[in-house]
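Colleague: There's a structure below that I have some questions on.
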Amino acid sequence: MTMESANKSKDTMLGVIENLRFDFGGGEIQLQVQVIEILLSRPFYAHTSCVTRDTINGDQNITLSDPNTGKEITIATRNWLKVLGPGF
Numbered sequence: 015m016t017m018e019s020a021n022k023s024k025d026t027m028l029g030v031i032e033n034l035r036f037d038f039g040g041g042e043i044q045l046q047v048q049v050i051e052i053l054l055s056r057p058f059y060a061h062t063s064c065v066t067r068d069t070i071n072g073d074q075n076i077t078l079s080d081p082n083t084g085k086e087i088t089i090a091t092r093n094w095l096k097v098l099g100p101g102f
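First residue of the sequence shown: 15, per this note's numbering; consecutive thereafter.
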């Protein structure tokens, strides 16, 4: 499925996360979330005091800080690259 953004760019949807829970200031709801690839840039990293921790197996933990409250959240990610064999 292709999605069109507000700026008229088009992106291929990578998948759907069903019944993802969001908490908006104490009011929790479940949403169906379409997943697309995005590139977050330096202003986002600076604003959230982003810290990344990389491991040898390709996993990465990303810690973001709320600039208003100082609350931190750490998000675990994993390597999406395919392992290439000999003579790749």
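Where is the CB? At the ideal position from N, CA and C, for every residue including glycine.
Report the option in L34, E32, M17 and N33 whose CA atom is closest to the CA atom of T26.
Modeller: As a working mapping, residue 26 is identified with position 12 in the sequence shown. That would be M17, whose Cα lies nearest to the Cα of T26.
Colleague: Does the count of Cβ pairs from the segment 28 to 40 and the segment 52 to 62 closer than 8 Å reach three?
Modeller: The segment 28 to 40 is not in contact with the segment 52 to 62.
Colleague: Do D68 and A90 have their beta-carbon atoms positioned less than 9 Å apart in this structure?
Modeller: In the sequence shown, the residue the question calls residue 90 occupies position 76. In the sequence shown, the residue the question calls residue 68 occupies position 54. Cβ distance not < 9 Å, so A90 and D68 don't count as in contact.
Colleague: With distance defined between alpha-carbon atoms, name the residue in R35, I31 and A60 nearest to Q48.
Modeller: In the sequence shown, counting from the first residue as 1, residue 48 sits at position 34. It is I31.
Colleague: Thinking C-alpha only, which one of K24, S19 and S79 is nearest Y59?
Modeller: Translated into the one-based positions of the sequence shown, residue 59 becomes position 45. When only C-alpha atoms are compared, the closest one is S79.
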